[in-house]
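Residue numbers (the numbering used here), protein chains in the order written: chain E, 1 to 329; chain C, 330 to 658; chain S, 659 to 987. The beta-carbon is built from N, C-alpha and C at its ideal position, and this holds for glycine as well. Predicted model, so just to flag it, every value in this text is computed and none were measured. Below is one structure; the comments refer to it alone.
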Amino acid sequence: MALSLGAIVDALGGELHGDRAVSIERLAPLKSAQADALTFLSSSKFNDDLVVSKAACVIVAPAMREIAAARGAFIVATDPQYYFALLTQLWKAHLARPGTPRIHPSAIIDPGADIDSTARIGALCVIERGVRIGADTVLKSNVTVSEDCIIGARCNLYPGVVIGADGFGNALHEGKWVKIEQLGAVRIGDDVDIGANTCIDRGALDDTVIEDGVKLDNLIQIGHNVRIGKHTAMAGCTGVAGSTSIGAHCTIGGQGIIIGHVTIADGVHISAGTTVMGSILKPGHYTGVFPIDDNASWQKNAATVRQLHTLRDRLRALEKAATQDNKAP
Amino acid sequence: MALSLGAIVDALGGELHGDRAVSIERLAPLKSAQADALTFLSSSKFNDDLVVSKAACVIVAPAMREIAAARGAFIVATDPQYYFALLTQLWKAHLARPGTPRIHPSAIIDPGADIDSTARIGALCVIERGVRIGADTVLKSNVTVSEDCIIGARCNLYPGVVIGADGFGNALHEGKWVKIEQLGAVRIGDDVDIGANTCIDRGALDDTVIEDGVKLDNLIQIGHNVRIGKHTAMAGCTGVAGSTSIGAHCTIGGQGIIIGHVTIADGVHISAGTTVMGSILKPGHYTGVFPIDDNASWQKNAATVRQLHTLRDRLRALEKAATQDNKAP
Amino acid sequence: MALSLGAIVDALGGELHGDRAVSIERLAPLKSAQADALTFLSSSKFNDDLVVSKAACVIVAPAMREIAAARGAFIVATDPQYYFALLTQLWKAHLARPGTPRIHPSAIIDPGADIDSTARIGALCVIERGVRIGADTVLKSNVTVSEDCIIGARCNLYPGVVIGADGFGNALHEGKWVKIEQLGAVRIGDDVDIGANTCIDRGALDDTVIEDGVKLDNLIQIGHNVRIGKHTAMAGCTGVAGSTSIGAHCTIGGQGIIIGHVTIADGVHISAGTTVMGSILKPGHYTGVFPIDDNASWQKNAATVRQLHTLRDRLRALEKAATQDNKAP
């Protein structure tokens, strides 16, 4: 497929400097873009790549106008990454091939489920009774949505997603675990994306809640009664334990784990690989990762970590002795 | 739906102080329970919430009798959380709606599988030949049980569970991995729960074994030839590498990883986010997590971790010098 | 089933010392092997087990010839573990029961997919249009391969695998995430194994690439535009974030996480539980794990970790003071 530069700016806006008739055959990263490709500059740290790029055209921020002009055709956009995101959507819409049914005949849908007439349900999905699915929401193949769970509009659920399995609730009684039936459900807002094989458990008594605009990557576990605030994004392999509340506009790096029953404020950013062991009430960037090292160095330093408390006491003793020496006549 | 307080204590026992005729419309957490709800007090640290609770009735331990009486109706139970667990089961049984077939017609079941006549198999499950499934066990949708694996009675397997995929066995030969076929199977005891998208691999030669009463949360990986002892519980995103043996009555926090070929004793409790790098032969509570901090502080401290061994040596040198000073005439 | 020792060495080579007619009923680990079993010695550290083994026959390296001869029948092989791997394959081939169709009738396969006539597609797989699957590749049940993804020859994809879900690409615009459509695909080489419920995302513009001979365990997340080099193996629960390039012949332990946009050289080995926060350009063995300890000790040491930078400064101050003391007249 192809789109002309003219057709692109007609659809998306932006200030084109170059020939409207040039045909764009593909979208490509700045470094590998060839003469048939449109690309974009995400950050000024890639300026050197811009200068030598062979791309047919580059989307740049207003501040890059001069450097871009020296190279060739360009489109000026206030936010080039956002412009590029819209461009991928335009491209995808043009790519769309006909033929997939709105509700795949292999999907198992309870007659008591309420699915918006514009939603799409992929092959081998299982939709149980009482489920509600909003307008323009897309379930790819093999998605399970259990009883009474609610999914908003314009959501994307990728293959293998499980919504509304029982939360992990058990009471310990005489050394054995007794199941606490999970009587809540899951409520998911609008514009939520849920990655492949991610699981969101139903609540114990109240519901588990995912607010509007949340983006979850693959293989994430969301425990029962968790609440995730608007426009928070979470990278793959992350786990959030039960009854934890995460604010809006947070980002959680890959393979984070947030323990249960804590509160994370709005605007908190957690680095990949970090274990969150308590509430975080101030916005900011937080990290807790043992620094990687060659194994031999790690072994020596890790052994010392186990003596840290003792080392601190020894340091204190030296300081005390030094102070007394100085005081001595 | 609704149940009267009288019907509840008739079914579950407990000492009711209040009107048997009061109708309970829902079960609710202590804090949000309204006048139509039954709730429970899990710990004396929530006493303040009890005093102001609007709940129709509260389940309390014998020691809370007086405080509860000052508020309104209550049920005395020796172990309120256990009583509440049984209550959720009673509630769920009353909620049960008719209509789902015992074996969903979309399930793919090998004629050579032996499924107890009381077991329930959900939509789109795949049950291969030689599989045995015990009484009253429930497989939700999309569960795979591979050849020759055995599942006991009263188990719950949630959507996306994979039992008996090949263990990760490869021999390195001239720089390439050669597959070691996995000739064992998986044996799962009675009363085992397995969370959504959790995987339990078949053994290489012997079987992988999950003993009675084990509870596994979602997205857990159990490697080949692992053995998990009775009534051990494991939170989401945890991995157990091959040939490791975990004792009975253990708890493993979320996103733990236990390396292969080690032994964990009975009664070991591992905190969330901890990597277990060797055997643990004494019961107790173990942790290994880099403490989370604001990113700037973490950067400084993490940099110092990489010099820890050197710092220890420098501390020693100072101590030695101080000792010699004191010895000097 | 059974195979005679003679049949085994006729098929696999190796130097048999013992009766060709002896019937092997099972393959077993060295420790538990009984008189009907063939086993192997993987390392000289198990010599004591060899001496007392009741196995019908033991596969050993040339250096073990004498010790093995003192015990009973044995097969000498240059690389006993490799020999044993081939033996499991021979055994599995003899075990194979007839009856499963090459393409299970419940699989949902787009007519535009190109599946080699020798490939096997299990129950309830979903194969979208434009997909290519090579010779002798096996997809177990419930595997999803999305549009335009390519899988080579002799691969094994286990239940629940998701190939080609959208990468996690979003542009932040006025506090909301805007989807970047993922226009690339996934290209998987020959002889690649992909464990249960593992996900490999499609690329944003270019493809995500898994080279020949890569072995991925269960529940692994591979982000968009990742490249994994030949014969690299990765244990369960690991995550690789987008645009990272991993070399050939690497091993990544369980529940590792490698952040995005970094480069890992050939021959890098990462310990289980390690977070890789930057590029690693030299082969070697790397670790970054907080050492596990009893919880009380951990608490004290972890508290001190948060003061490490300060401790270092205090140590420096003491060193400076000591130096000045020595310089003093």
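{"Item": "Amino acids of chain C, ordered along the chain, whose beta-carbon sits closer than 8 angstroms to that of E:Arg314", "Value": "Leu644, Glu648"}
{"Item": "C-beta neighbour in chain B for S:Val820, strict 8 angstroms", "Value": "The displayed structure is made up of protein chains E, C and S, and chain B is not among them."}
{"Item": "Alpha-carbon to alpha-carbon, C:Asp535 and C:Ala398", "Value": "58 angstroms"}
{"Item": "Ranges of the beta strand (DSSP E) found wholly within the region 11-47 of chain E, counting only runs of at least 3", "Value": "15-17, 37-40"}
{"Item": "Chain C contact residues for E:Cys57, given Cβ-Cβ distances below 7 angstroms", "Value": "Per Cβ cutoff of 7 angstroms: no residues; E:Cys57 is ~38 angstroms from chain C at best."}
{"Item": "Test: S:Met892 CB closer than 8 angstroms to a CB of chain E", "Value": "no"}
{"Item": "Straight-line gap, E:Met234 to S:Ile682 (C-alpha atoms, nearest Å)", "Value": "53 angstroms"}
{"Item": "For C:Ile609 and C:Ile593, the rounded distance between their alpha carbons", "Value": "5 angstroms"}
{"Item": "Residues of the region 288-310 of chain E with Cβ closer than 7 angstroms to any Cβ of chain S, in chain order", "Value": "Val289, Phe290, Pro291, Ile292, Asp293, Asp294, Asn295, Trp298, Ala302, Val305, Arg306, Leu308, His309"}
{"Item": "Spatial distance of E:Val268 from E:Ile210 (CA atoms)", "Value": "17 angstroms"}
{"Item": "For E:Gln221, three-class secondary structure by DSSP", "Value": "strand"}
{"Item": "CB contact check: S:Asn705 to chain C, cutoff 8 angstroms", "Value": "no"}
{"Item": "Neighbourhood of E:Arg102 by C-beta distance below 6 angstroms, restricted to the same chain and skipping five residues each side", "Value": "Arg120"}
{"Item": "C:His598 (DSSP reduced to helix, strand or coil)", "Value": "strand"}
{"Item": "Cβ neighbour criterion (16 or more within 10 Å) applied to C:Met606", "Value": "buried"}
{"Item": "Burial state of C:Thr407 (16 or more Cβ within 10 Å)", "Value": "exposed"}
{"Item": "6 angstroms CB neighbourhood of E:Ala196 in its chain, flanking five on each side removed", "Value": "Tyr158, Pro159, Gly160, Asn218"}
{"Item": "At least 3 beta-carbon pairs within less than 8 angstroms: the region 845-853 of chain S vs the region 788-808 of chain S", "Value": "yes"}
{"Item": "For C:Thr368 and S:Gly780, the rounded distance between their alpha carbons", "Value": "48 angstroms"}
{"Item": "Beta-carbon neighbours of S:Gly833, restricted to chain E and to distances below 7 angstroms", "Value": "His231, His249"}
{"Item": "Proximal residues of chain E, C-beta to C-beta of C:Tyr411 below 9 angstroms", "Value": "Ala171, Leu172, His173, Glu174, Val178"}
{"Item": "Cross-chain neighbours of S:Cys895 in chain E, by beta carbon under 9 angstroms", "Value": "Leu219, Cys237, Gln255"}
{"Item": "Reduced DSSP category for E:Val262 - H, G, I as helix; E, B as strand; rest coil", "Value": "coil"}
{"Item": "Beta-carbon spacing of S:Ile852, S:Leu874 below 8 angstroms", "Value": "yes"}
{"Item": "Same chain only: Cβ atoms within 8 angstroms of C:Gly565, ignoring 5 sequence neighbours per side", "Value": "Gly524, Asp546, Asn547, Leu548, Ile549, Gly583, Gln584"}
{"Item": "Neighbour list for E:Leu183 in chain S, Cβ cutoff strictly below 8 angstroms", "Value": "Neighbours of E:Leu183 on chain S: none; closest Cβ ~28 angstroms, over 8 angstroms."}
{"Item": "Partner residues on chain C for E:Leu205, Cβ-Cβ distance less than 7 angstroms", "Value": "Leu356, Ala357, Pro358"}
{"Item": "Where C:Met606 falls: helix, strand or coil (DSSP)", "Value": "coil"}
{"Item": "Any C-beta of chain E under 8 angstroms from that of S:Asn867", "Value": "Residue 867 of chain S is actually Val in this sequence, not Asn. It does not: the Cβ of S:Val867 has no partner Cβ on chain E nearer than 8 angstroms."}
{"Item": "Where E:Ile194 falls: helix, strand or coil (DSSP)", "Value": "strand"}
{"Item": "Segment contact flag, the region 81-91 of chain E with the region 28-47 of chain E, C-beta cutoff 8 angstroms, min 3 pairs", "Value": "yes"}
{"Item": "Identity of the residues DSSP links to E:Met234 by a beta bridge", "Value": "E:Leu216, E:Ile252"}
{"Item": "Endpoints, the alpha helix (DSSP H) within which S:Ala728 is located", "Value": "723-729"}
{"Item": "Within chain S, partners of C:Ile588 - CB distance below 7 angstroms", "Value": "Ala930"}
{"Item": "Best match in S:Ile767, S:Asp768, S:Asp774, S:Ser799 for proximity to C:Gly453 [C-alpha to C-alpha]", "Value": "Correcting the residue type first, residue 453 of chain C is Leu in the shown sequence and not Gly. Checked all of S:Ile767, S:Asp768, S:Asp774, S:Ser799; the closest Cα to C:Leu453 is S:Ser799."}
{"Item": "For C:Asp439, the three-state DSSP class (helix, strand or coil)", "Value": "coil"}
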